[in-house]
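S.K.: Take the sequence shown: its position 288, counted from the start at 1, is 289 in my numbering, and no numbers get skipped.
Ideal placement from N, C-alpha and C gives every residue a C-beta, glycine not left out.
Since this is a predicted model, take the numbers as computed values, not measurements.
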Amino acid sequence: MIEQAAQILKTGGLVAFPTETVYGLGANGLDAQACKKIYEAKGRPSDNPLILHIAQLDALSEIVREIPDTAKKLIDAFWPGPLTLIFPKADIVPDAVTGGLDTVAVRFPSHPVAMALIQAAGLPIAAPSANASGKPSPTRASHVAYDLDGRVDMILDGGAAEWGLESTIVDVSQNPPMILRPGAITKEMMEPFVGTIAIDPAILDKPTEGLRPKAPGMKYTHYSPKADVYLVRGIQTIEAINRLAAQQQAQGKKVGVLATEESKAKYQADIVLSVGSRADLESVGANLFRVLRKFDFLEADVVYAEVFPLEGEGLAIMNRLQKSAGYRYIEADSV
Ligand code: TXA
Ligand code: MG
Numbered sequence: 002m003i004e005q006a007a008q009i010l011k012t013g014g015l016v017a018f019p020t021e022t023v024y025g026l027g028a029n030g031l032d033a034q035a036c037k038k039i040y041e042a043k044g045r046p047s048d049n050p051l052i053l054h055i056a057q058l059d060a061l062s063e064i065v066r067e068i069p070d071t072a073k074k075l076i077d078a079f080w081p082g083p084l085t086l087i088f089p090k091a092d093i094v095p096d097a098v099t100g101g102l103d104t105v106a107v108r109f110p111s112h113p114v115a116m117a118l119i120q121a122a123g124l125p126i127a128a129p130s131a132n133a134s135g136k137p138s139p140t141r142a143s144h145v146a147y148d149l150d151g152r153v154d155m156i157l158d159g160g161a162a163e164w165g166l167e168s169t170i171v172d173v174s175q176n177p178p179m180i181l182r183p184g185a186i187t188k189e190m191m192e193p194f195v196g197t198i199a200i201d202p203a204i205l206d207k208p209t210e211g212l213r214p215k216a217p218g219m220k221y222t223h224y225s226p227k228a229d230v231y232l233v234r235g236i237q238t239i240e241a242i243n244r245l246a247a248q249q250q251a252q253g254k255k256v257g258v259l260a261t262e263e264s265k266a267k268y269q270a271d272i273v274l275s276v277g278s279r280a281d282l283e284s285v286g287a288n289l290f291r292v293l294r295k296f297d298f299l300e301a302d303v304v305y306a307e308v309f310p311l312e313g314e315g316l317a318i319m320n321r322l323q324k325s326a327g328y329r330y331i332e333a334d335s336v
């Protein structure tokens, strides 16, 4: 299976494969034509650059011009794993990967299937998340098949993704380093190794002309189910959501609630899905995209979602959830 998949990559085809974060849609990262197929298959804007995936450290020096000290420390501490670093790119990396930028994003995934595939191909593998552009990232092989069926040469099934949210992206070409996309590896986890880390201020706000995210992909609408998603915050969240749900149902709408293990029994709506436990935010990260996809599958018209802390592990969750809601908040007190 791995050998066959590696052969497809070596000859310019597309292979979807599991990683510990989400499923990736892989192509030969040194072949501009193969990379263009990724953009076509996903319907992805061509100015949104791809991450190169490697499976041995030696491969890094071939694709980057320089490895800053902060990068070395983060690599020692967190690779292989859910951390992507931004480097000055080497000439060998095609513009089709970087969207014309002078930098390249690199990640060394820890998933055994991803590692085996990249090693067998003997190439850096360009791989965005294997979803149709705009949809939640796939955390199961079945999500990939649903979005990209017929547009990918092979899908490797590695079961459910462990983390369920895409990797943390850190730009190590600047000082202090800056988080461009929050993920499983948090600011708090990295700072003991490299000192203060900045966070791109655009991470938690609606992108505007004045507030342009530094990772080009972060400016696009994303993670959006077909339903209208609203985030509800405040002390009386449960009461407010139940009231809103009743109003929508009276208008004939099918209402979903994105709840937690702690709250799910307290809601009255058409579809109540628990995304995990507040006491274990990793479980929320692991389930978020699957639950957003399930609201689509069950044809919810409106989804009301609880919110999570805007720090630590909650930051990555809220970054994705805000995008899926188009940054629409409802204050529970005003319902
Ligand atoms: O966990 C992950 O990172 C997954 C798995 C498959 O590895 N991949 C993934 O790729 O999430 P994608 O393409 O969905 O997201 C890549 C993000 C985009 O927001 C893109 O704009 C940003 O990385 N990016 C890529 N190259 C960059 C660069 N040179 N500078 C700044 N941002 C960059
Ligand atoms: Mg993506």
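Is there at least one non-hydrogen atom of the ligand MG closer than 7 Å to the beta-carbon of GLU41?
M.R.: For the purposes of this step, residue 41 is identified with residue 40 of the sequence shown, where counting begins at 1. Every heavy atom of the ligand MG is 7 Å or more from the Cβ of GLU41, so no.
S.K.: Quick one: what's got a C-beta closer than 6 Å to ALA203's C-beta in the same chain, skipping five residues either side?
M.R.: For the purposes of this step, residue 203 is identified with residue 202 of the sequence shown, where counting begins at 1. Closer than 6 Å at the Cβ level, and outside the excluded window around ALA203, lie LEU212, PRO214.
S.K.: Give a single yes or no on whether GLY101 has its beta carbon closer than 7 Å to a heavy atom of the ligand MG.
M.R.: Here residue 101 is taken as the residue at index 100 of the sequence shown, counted from 1. Checking every heavy atom of the ligand MG against the Cβ of GLY101, none is found closer than 7 Å.
S.K.: Unbroken beta strand (DSSP E) runs of length 3 or more, entirely within the stretch 11-76: which are they?
M.R.: DSSP runs (the beta strand (DSSP E)) wholly in the stretch 11-76: 16-18, 25-29, 52-54.
S.K.: Check each candidate in ASP281, GLY13, ASN243 and name the one with the smallest Cα separation from VAL304.
M.R.: Taking the first residue of the sequence shown as position 1, residue 304 is located at position 303. Selected option, being the one with the closest Cα: ASN243.
S.K.: So, under 8 Å CB-CB, SER138 and VAL285 are touching, yes? Tell me the CB distance rounded to an integer number of Å.
M.R.: The residue given as residue 138 occupies position 137 in the sequence shown. The residue given as residue 285 occupies position 284 in the sequence shown. Their Cβ separation, rounded to whole angstroms, is 15 Å, which puts SER138 and VAL285 out of contact at 8 Å.
S.K.: For GLU300 and VAL273, what's the separation of their Cα atoms in angstroms?
M.R.: Translated into the one-based positions of the sequence shown, residue 300 becomes position 299. Translated into the one-based positions of the sequence shown, residue 273 becomes position 272. Each residue's Cα considered, the two are about 13 Å apart.
S.K.: Any residue with its C-beta under 7 Å from a non-hydrogen atom of the ligand MG counts. Can you list them all in chain order?
M.R.: PRO129, SER130, ASN132, SER138, GLU167, GLY218
S.K.: With 16 other CB atoms within 10 Å as the buried threshold, where does ASN29 fall?
M.R.: Working through the sequence shown from its first residue, we reach residue 29 at position 28. By the 10 Å Cβ count, ASN29 comes out buried.
S.K.: According to the neighbour-count rule (16 or more other Cβ atoms, all chains shown, within 10 Å of its Cβ), is TYR330 buried or exposed?
M.R.: Taking the first residue of the sequence shown as position 1, residue 330 is located at position 329. With fewer than 16 Cβ atoms within 10 Å of its Cβ, TYR330 is classed as exposed.
S.K.: Do you know offhand how far VAL16's Cα is from GLU41's?
M.R.: Within the sequence shown, the letter at position 15 stands for residue 16. Within the sequence shown, the letter at position 40 stands for residue 41. One C-alpha to the other measures close to 14 Å.
S.K.: Is the beta carbon of LEU118 closer than 8 Å to that of ALA7?
M.R.: Position 6 of the sequence shown, counting from 1, holds the residue named residue 7. Position 117 of the sequence shown, counting from 1, holds the residue named residue 118. Taking 8 Å as the Cβ cut-off, ALA7 and LEU118 qualify as a contacting pair.
S.K.: My output table needs one value for VAL325: the three-state DSSP class, helix, strand or coil.
M.R.: In the sequence shown, counting from the first residue as 1, residue 325 sits at position 324. Looking at the sequence shown, residue 325 is not Val but Ser. The answer is helix: DSSP assigns SER325 an H, G or I state.
S.K.: Measure the alpha-carbon distance for ILE87 versus ARG182 and round it to whole angstroms.
M.R.: Here residue 87 corresponds to residue number 86 of the sequence shown, with the count starting at 1. Here residue 182 corresponds to residue number 181 of the sequence shown, with the count starting at 1. Taking the straight line joining both Cα atoms gives about 11 Å.
S.K.: Quick one: what does DSSP say GLU332 is sitting in, helix, strand or coil?
M.R.: For the purposes of this step, residue 332 is taken as residue 331 along the sequence shown, with counting starting at 1. Strand.
S.K.: Less than 7 Å separating the Cβ of LYS295 from some heavy atom of the ligand TXA?
M.R.: Counting from 1 along the sequence shown, the entry for residue 295 is found at position 294. No.
S.K.: Measure the alpha-carbon distance for LEU75 versus LEU84 and round it to whole angstroms.
M.R.: Translated into positions along the sequence shown, residue 75 becomes position 74. Translated into positions along the sequence shown, residue 84 becomes position 83. Each residue's Cα considered, the two are about 9 Å apart.
S.K.: Check each candidate in TRP164, PRO310, MET179, LYS295 and name the one with the smallest Cα separation from ARG234.
M.R.: Here residue 234 refers to the residue found at position 233 of the sequence shown. Nearest C-alpha to ARG234: PRO310.
S.K.: CB ASP206 to CB MET179, shorter than 8 Å?
M.R.: Here residue 206 corresponds to residue number 205 of the sequence shown, with the count starting at 1. Here residue 179 corresponds to residue number 178 of the sequence shown, with the count starting at 1. No, Cβ-Cβ distance for ASP206 and MET179 is not below 8 Å.
S.K.: Are there any heavy atoms of the ligand TXA lying less than 7 Å away from the beta-carbon of THR104, as far as the coordinates show?
M.R.: Here the question's residue 104 lines up with position 103 in the sequence shown. Remark: the C-beta of THR104 is in contact range of the ligand TXA, defined as less than 7 Å to any heavy atom.
S.K.: Taking LYS220 as the reference, give the member of GLY151, THR238, GLY327 with the closest Cα.
M.R.: The count along the sequence shown starts at 1 and reaches residue 220 at position 219. Among GLY151, THR238, GLY327, the Cα nearest to that of LYS220 belongs to GLY327.
S.K.: One question on the structure: do LEU53 and VAL107 come within less than 8 Å of each other, judged by their Cβ atoms?
M.R.: Indexing the sequence shown from 1 puts residue 53 at position 52. Indexing the sequence shown from 1 puts residue 107 at position 106. Closer than 8 Å, so yes.
S.K.: If you draw a straight line from the C-alpha of ALA287 to the C-alpha of LEU166, how long is it?
M.R.: Looking up residue 287 in the sequence shown gives position 286. Looking up residue 166 in the sequence shown gives position 165. Spanning the alpha carbons of ALA287 and LEU166 requires a straight line of approximately 7 Å.
S.K.: DSSP state of PHE88, grouped into three classes?
M.R.: In the sequence shown, residue 88 corresponds to position 87, counting from 1. Reduced to three states, the DSSP call for PHE88 is strand.
S.K.: Pick out whichever of PRO110, ILE93, ALA133 has its Cα sitting closest to the Cα of TYR224.
M.R.: The residue labelled residue 224 in the question sits at position 223 within the sequence shown. Per the Cα distances, ALA133.
S.K.: When you compare the CB positions of GLN125 and ALA60, do they come within less than 8 Å of one another, or not?
M.R.: Numbered from 1 along the sequence shown, position 124 holds the residue referred to as residue 125. Numbered from 1 along the sequence shown, position 59 holds the residue referred to as residue 60. The question names Gln, but residue 125 is Pro in the sequence shown. A contact, by the Cβ cut-off of 8 Å.
S.K.: VAL23: beta carbon under 7 Å from a heavy atom of the ligand TXA?
M.R.: For this step, residue 23 is matched to residue 22 along the sequence shown. Flag set: Cβ of VAL23 near the ligand TXA.
S.K.: Please go through the same chain and pick out, in chain order, the residues whose beta-carbon is closer than 7 Å to the beta-carbon of GLY44, but skip the five residues on each side of it.
M.R.: Working through the sequence shown from its first residue, we reach residue 44 at position 43. Cβ neighbours of GLY44 beyond the five flanking positions: ALA133, SER134.
S.K.: Look up GLY184 in the DSSP assignment and say whether it is helix, strand or coil.
M.R.: For the purposes of this step, residue 184 is identified with residue 183 of the sequence shown, where counting begins at 1. Coil at GLY184, not helix or strand.
S.K.: So ALA185 and THR209 are supposed to be a Cβ contact under 8 Å. How far apart are they, rounded?
M.R.: Here the question's residue 185 lines up with position 184 in the sequence shown. Here the question's residue 209 lines up with position 208 in the sequence shown. A Cβ-Cβ separation of about 28 Å leaves ALA185 out of contact with THR209 under the 8 Å criterion.
S.K.: Buried or exposed: which applies to GLY123, given that a residue is buried once 16 or more other Cβ atoms fall within 10 Å of its Cβ?
M.R.: Position 122 of the sequence shown, counting from 1, holds the residue named residue 123. By the neighbour-count rule (16 or more Cβ atoms within 10 Å), GLY123 is not buried but exposed.
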